[in-house]
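Before any comments, here is the structure.
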Amino acid sequence: MTRRSPRRASSPPESPPSTTAPTQTEDGSTAAQRSPTPPPSNTVADAAHQAAGAARSIAEDVQSIRDLVQQMGVLSQSREGKQREEEQEKVRDHIGRLLDLIPSSEGLAVLGSLISAAPPPSQPMPEYSRTVCKQFMSDIILRADGPRALMDVVFGEQGGDVDTVTLTKLEKVAMTLSSVPSRMDGTRYYALILPRLFTILNPTPDLPPPRSPTPASHVRAAAFTISRMYRMQRNVMIALSTPSLQYPFFPPTHQYRTRWQPGAYQPTAVHGLNTLSTLLSNSDPSPNLFANVLGDIISPLWALHEFLIEQKTADPVMRELVDGLMNGWARVVGKNSAVAGWTKVVEMWKGWGYDQPWEWAMGPQGPYIRETESSVDGDLLEQHPDPKQVVEMLKAVGRKDVNAEFFVKMLDTYATVHAEHGDTADAMLYLQYVVAMADTLGHTILEKPEHILSFILHALESTVKRIPEAKGPLQKESKSPWKMVDGDSDDEDEKSEGEEEDAEGHDTLASTAVTLLLAVLEANDTFPAATIPILNSIYEHLDSLSTHPSEAVAEAAREARLVLTARRASSMRNVPSKDEEVNQARRKALETYQEALRLVQDPILPVRAHGLTLLRHLIHPPTKKSVSTEDLSIDPALIPGILDVFITAVQDDDSFVYMNAVHGLSAMLQGPTGLFGKGSWVFQRLVDLYVQGLQANPTTADLDKRLRIGEAISQALSQLGPRARPYIHVIISPMLSVTRDSQYPTVLRGSSLSIISQCVNADPLSMLPFYTDLLSLLLDLLSIETVTTGSKAAAAAEAKATTSQLPNGKVPDPADLDPALKDSRLPAFRQSAAYLLATMLHQAAEKGFADNLLDKQLATRMVKVLRYIRDTDIDGRVKAKAKEALEIMDDMVRMKLGLPSR
């Protein structure tokens, strides 16, 4: 509400006090310059007399203004037409002159009192007079000292403490200063008012000092008003205030700095920090205000934060200002703004969002921004924000919603950059934040596991796709299961260097994903896998990753798979029985079952092994009496879940967990579980894990897993003994398929021979259908692959043994040095074949069916081969087994002839 320019030519109807033109004081206020002016006086009495005279003059002018306003109201009611307008204009002009003669605060006070005063009902204040008073108030507020004068009126010139300032007064000041006059453009009005409010907050050094320090109440009111302006006119305020508030935090090439008026004062970082701190600490904690004021400069602020930490001689007050601004922003802004801001901090190497990298340096006037000085020896990762410091502030702020969203953001960004460019420096930087947050923030970042599970599934899928598809031995065509198949190693494809580097890059991604999965499962201990489809997909990928070339990835995948298996098994429930005693027993068993599965998920190995022991006791209680299906307290419907847990645990690297899993599988075959018809199912699962998906060149982890499964099969057969008869047919054919194929590692072929030996020991009668062909196969193998004394193969083996001799004098088996070897002449493989041959002959002689198996032709050939091996083979154990087999043959002949055994 502006007024028209007052006219000074005409005189008012009544004679006002004589006045002259006003003069400008140091802070922009006006004061009357009376005529005649008394001469200067050197006495205190004269000075006091002058001050009293000035006060009387101001009081007279104030009273004159009151009288003129009342006269204007009388004119508006008593006269009409052009004469009234002319006289009102004269009064208006004279009021304007009087207002120019008195201080701005006095003018606002008198006009405010006239507007707000409650007049008698018989003499209400005319609307015209009220409008004129409001226009004069707007003119005074637009003066250089207008905002300060308004605060002097509301709070008093001396002001008061912040605690004594009421919200009503603050809103009154803010409403008055933020209301745009009706005849003035809003942008132009704000452009005039804002600099004066910033001067109240923190005056710039180029301005003359104020008469007295600015009261805290005035500073609070200025900050409150600016905050209100941001709410009312956000875009206008950002355009007008950003250069003043954020100037020292922009690089020299930024548009705000390049367009700065030449010769104008350029705020320093110290001045900018003080202004920002004063504004934000004296206004209400508004998320929008913090986001608008600090959002664009959060990267430079964090860079200044780290810079001041490194500068041991930096001003501690300045360091506290920066820390306070960062903490305030991190605590107050909305979740999306916070995540976007922290992302800017992480990506500071991109030049703080501008055209090139920048850094802070210390100058005479404090910190300033300069172009980053390139360092040849500098570590790229050290040039970026320190992840530990960022994560420590995230932890100190303690906003779980922001931490969780920011963590997911880093995961997604890392996955995207890694998928496009591999393990570049940028990708590794994102990974540093992921790892640092996971280590420092723990479960607080896992409030929304579905987001993290999505990343885990994506990461595992991208890793599994790079694992070649398995080709099992049973997929090859062969006319006879006894035929030896030669593998051609020349046809095997080898990975290129680029593929190996890519695989190594995905090892990191897979390891991170599996570690996060374990953290999510640990944080959500009631997470039922069956109710979340994404976990089922993850479980399938974990099965592939359990044979990953990286031992760290494979071990973590097996652990996660065990936890998921236990979680899936724990979601099963009892099937009610008609017998109440059975129900009670099953309820008690279910409690033990749930407790065992909880222990199986524990990361501490002895605790996990104890959980497997509890499961084993549920299946096969430790009692000497015979048990039947009725004695099994646990519901048979829960047995498949227990089997999954044992089969998963048998692949664990820890020997303690592994042995407990083997005992558990044996218990499932020995106890009443076998009477449920689950024995064949257990062996079939184990054989499938041993044979299916086997490649010609398996990874070390895959080979180790299959050897462990083979050992579990051997242990189970050994403990079952004759009770293994129903399961022999499930085992023999797949084992023979592995033994006969020379493209597989020799150590695995030897393992399959050992399993066949356990079958023979467990129940030789069930092996009768396989005896004749198996004996012929073993004789072929021993006669072809024997290493005789003096041969080139023997010389090569002796030379290799000499180079690989251990410090204690022992010579390790070549298969132990390189498990992937495919040499049928390795000692361990020939020893397994000789042991199996001797075992078969021993069982045939002991059970009395040797005559039905060994015809004259086969017996003659066997004696010749065994004598040749005994006399010529260089391996002492092979020779000993050949000698033992010959003695068995000699005893069988003697028994047939009625001669006593030797």
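The sequence shown begins at 403 in my numbering and counts up one residue at a time.
Each residue gets a CB set at the ideal place from its N, CA and C atoms; glycine is no exception.
Being a predicted model, the structure only gives us computed values, none of them experimental.
7 Å CB neighbourhood of Leu859 in its chain, flanking five on each side removed = Ile936, Ser939 and Ile940
Could you tell me the distance, in whole angstroms, from the CA atom of Met795 to the CA atom of Ala716?
-> 20 Å
Taking all protein chains shown into account, decide if Leu1167 is buried (16 or more other Cβ within 10 angstroms of its Cβ) or exposed.
-> exposed
Residues that DSSP places opposite Trp760 in a beta bridge | Glu773
Please name the residue in Gly736, Phe709 and Met750 whose C-alpha comes closest to that of Met764.
-> Phe709
With a 10 Å radius around its C-beta and 16 neighbouring C-beta atoms as the bar for buried, classify Pro505 as buried or exposed.
-> buried
Determine, using beta carbons only, whether Phe538 and Ile595 come nearer to each other than 8 Å.
-> no
N- and C-terminal bounds of the alpha helix (DSSP H) containing Met795 = Pro789 to Val799
Cβ contact (3+ pairs, closer than 8 Å) linking the segment 944-951 and the segment 994-1003 = no
Can you name the start and end residues of the alpha helix (DSSP H) that Thr1241 belongs to?
-> Pro1229 to Lys1249
Taking DSSP as the reference, what is the three-state secondary structure of Asp547?
-> coil
Cα-Cα, which of Phe1231, Asp828 and Trp751 is closest to Ser1154?
-> Phe1231
What did DSSP end up calling Gly1123 once you bin it into helix, strand or coil?
-> helix
Please name the residue, chosen from Met1291, Ala742 and Met1264, that lies closest to Gly1250 on a Cα-to-Cα basis.
-> Met1291
How many whole angstroms separate the CB atoms of Ala861 and Leu920, which I take to be in contact at a CB cut-off of 8 Å?
-> Actually they are not in contact, since the Cβ atoms of Ala861 and Leu920 sit about 14 Å apart, beyond 8 Å.
Spatial neighbours of Tyr832 within its chain, please: CB distance less than 7 Å, with the 5 preceding and 5 following residues excluded, ordered by chain position.
-> Met812, Thr815, Tyr816 and Val819
On the three-pair Cβ rule with 8 Å, is the segment 623-637 touching the segment 720-733?
-> no
Return the chain-ordered list of same chain residues with a C-beta closer than 7 Å to the C-beta of Ser1234, the five sequence neighbours on each side being excluded.
-> Gly1152, Leu1155 and Ser1156
How about Ala968 and Val1093: are their beta carbons less than 8 Å apart?
-> no
Whole-angstrom Cβ separation of Ser1082 and Pro1128, contact assumed at under 8 Å?
-> 6 Å
Going by beta carbon distance, what residues of the same chain come within less than 7 Å of Pro789, once the five residues before and after it are set aside?
-> Gln834, Tyr835 and Ala838
Run through DSSP, which three-state label would Thr1101 get?
-> coil
CA-to-CA distance, Phe808 to Thr1102, given in whole angstroms | 37 Å
Spatial neighbours of Asn1163 in its chain, beta-carbon cut-off 6 Å, leaving aside the 5 residues before and after = none
Anyone know if the C-beta pair for Ile1115 and Leu1088 falls short of 8 Å?
-> yes
Would Lys1107 be called buried (16 or more neighbouring beta carbons within 10 Å of its own) or exposed?
-> buried
Exposure of Tyr667, with buried meaning 16 or more beta-carbon neighbours within 10 Å = exposed
What does Gly768 pair with, by DSSP beta-bridge criteria?
-> Gly765
Is it buried or exposed for Leu390, if we count other Cβ within 10 angstroms and need 16 for buried?
-> The structure shown does not extend to residue 390, since the chain spans only 403 to 1304, so no value can be given for it.
For Thr1274, name the three-state secondary structure that DSSP assigns.
-> helix
Between the beta-carbon of Leu1268 and the beta-carbon of Ser1159, is there less than 8 Å?
-> no
Using the rule of at least 16 other Cβ atoms within 10 Å of the residue's Cβ for burial, across every protein chain shown, is Ser972 buried or exposed?
-> buried
From what residue to what residue does the alpha helix (DSSP H) around Val866 run?
-> Pro851 to Val866
Name the two residues that bound the continuous alpha helix (DSSP H) containing Gln1086.
-> Gly1081 to Val1093
Alpha-carbon spacing of Gly588 relative to Ala806, whole angstroms | 42 Å
Could you spell out the range, first to last residue, of the alpha helix (DSSP H) harbouring Ile700?
-> Ile700 to Glu712
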